[in-house]
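Asker:
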Amino acid sequence: MNPGPPTAPADTTTTPAGREVAPRHATRLRWLVVVVVALLVTLVVRGFLVQSFYVPSASMQPTLQPGDRIMVTRLGTVHRGDVVVFDGSTTFAAGGSTGPAPTGLVTKVVSGAASLLSVQTHESDYVKRVVGVAGDHVVCCDAQGALRVNGVAVHEPYLYPGDKPSDLTFDVTVPAGHIWVMGDHRSDSADSRAHLGDPGGGMVRLDDVIGRAALVYWPLGRTATLSSPGELAGIPAAQGQR
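Counting in the numbering used here, the sequence shown runs from 137 upward without gaps.
The structure is reproduced here in structure tokens:
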């Protein structure tokens, strides 16, 4: 009686190439692949759609406190009243020494990985509030000491207690493709006002906006969503900009 074909041990499986692999090893390998793919997807999503930032200064108090960690979304249009994060290397940082924001796929994934660990990858990133969008006429201050946008006096409940809308007077019209930004802690914020005499007059290019701050997620006791103040967001557009 001829012996039958050899059988593999009960704790192994045979691959198409004839290699025997222990089932538990194959299962571990599959799970490793799943984890790696999930991590890569997460990093790509974070690199392109959502990013985490650490707030290092008091320039946005009381809305944001030093040490806050915020989630920034890259989706949607920038509106007046939004709190945004932008790359200021071409407008705010002296000399623009850090260069433009990364655009390559690999670089964005690496940046997303750094963001996942709450590592700041650009020292030229700023967080401010959008006070004027393209076409807006922004003036400060009027006879009553208020900020005016397109002729409308703005009540600013988000200002740091005791701060004036601005100690520096200005009268600007925001050009197309740009925004005018200010910190909520006006007496402790180097924002568009501080760069009036620079090329570009303190305006921030929309192309340099990384995204809108949507959520404070750390510390847990300060978890809150961030939304545009109704009055500032609801001001009619300047004539010819509707």
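Note that CB positions come from ideal geometry on N, CA and C, so glycine has one too.
Only a predicted model underlies this, so the values are computations on that prediction, with no experimental measurement involved.
#1: Spell out a yes or no on whether the segment 313–328 and the segment 196–207 are touching, meaning 3 or more CB-CB pairs, one atom from each, closer than 8 angstroms.
#2: I'd like to check one pair, ARG284 with GLY313: are the Cβ atoms closer than 8 angstroms?
#3: In angstroms, rounded to a whole number, what distance separates the CA positions of GLN280 and ASP303?
#4: Please return the same chain residues whose Cβ sits closer than 8 angstroms to the Cβ of PHE306, not counting the five positions on each side in sequence.
#5: Can you give me the C-alpha to C-alpha distance between LEU211 and ARG164, rounded to a whole angstrom?
#6: Is SER260 helix, strand or coil by DSSP?
#7: Any Cβ of chain B within less than 8 angstroms of the Cβ of VAL267?
#8: Who are the near neighbours of ARG216 in its chain, counting only those whose CB is closer than 8 angstroms to its CB and skipping five residues on each side?
#9: Return the chain-ordered list of same chain residues with a C-beta closer than 7 angstroms to the C-beta of PRO351, the five sequence neighbours on each side being excluded.
#10: Taking 8 angstroms as the limit between beta carbons, can you name the residues of its chain near GLY287, skipping five residues before and five after?
#11: Which one or two residues does DSSP pair with LEU351 in a beta bridge?
#12: Would you say VAL263 and VAL214 are within 8 angstroms of each other, going by their C-beta atoms?
#13: Do PRO222 and ASP344 have their C-beta atoms within less than 8 angstroms of each other?
#14: Among residues of its own chain, excluding the 5 on either side of ALA282, which ones have a beta-carbon nearer than 7 angstroms to its beta-carbon?
#15: Look up ALA279 in the DSSP assignment and say whether it is helix, strand or coil.
#16: Measure how close the beta-carbons of GLY337 and VAL308 come, nearest whole angstrom, since I'm counting them as under 8 angstroms.
#17: Where does THR163 sit, in a helix, a strand or coil, going by DSSP?
#18: Here's the rule I'm using: 16 or more other beta-carbon atoms within 10 Å means buried, otherwise exposed. How should GLY347 be labelled?
Answerer: Taking the geometry as given:
#1: yes
#2: no
#3: Per the coordinates, the alpha-carbon of GLN280 lies some 13 angstroms from the alpha-carbon of ASP303.
#4: VAL274, VAL275, CYS276, ARG329 and LEU332
#5: LEU211 and ARG164: Cα-Cα distance of roughly 37 angstroms.
#6: coil
#7: Structure shown: chain B not included; a single protein chain is present.
#8: Closer than 8 angstroms at Cβ, skipping near neighbours: VAL266, VAL267, GLY268, VAL269, ASP272, VAL285, SER364, LEU368, ALA369 and ILE371.
#9: The sequence given here has Leu at residue 351, not Pro. Contacts found: ILE206, MET207, THR361 and LEU362.
#10: HIS273
#11: MET207 and THR361
#12: The answer is no: Cβ separation not under 8 angstroms.
#13: In the sequence on display, residue 222 carries Phe and not Pro. Taking 8 angstroms as the Cβ cut-off, PHE222 and ASP344 qualify as a contacting pair.
#14: ALA289, VAL290 and PRO301
#15: coil
#16: Taking a contact as a CB-CB distance under 8 angstroms, the pair GLY337 and VAL308 counts as one, their CB atoms being some 7 angstroms apart.
#17: helix
#18: Of the other Cβ atoms in all chains shown, 16 or more fall within 10 Å of the Cβ of GLY347; this residue is therefore buried.
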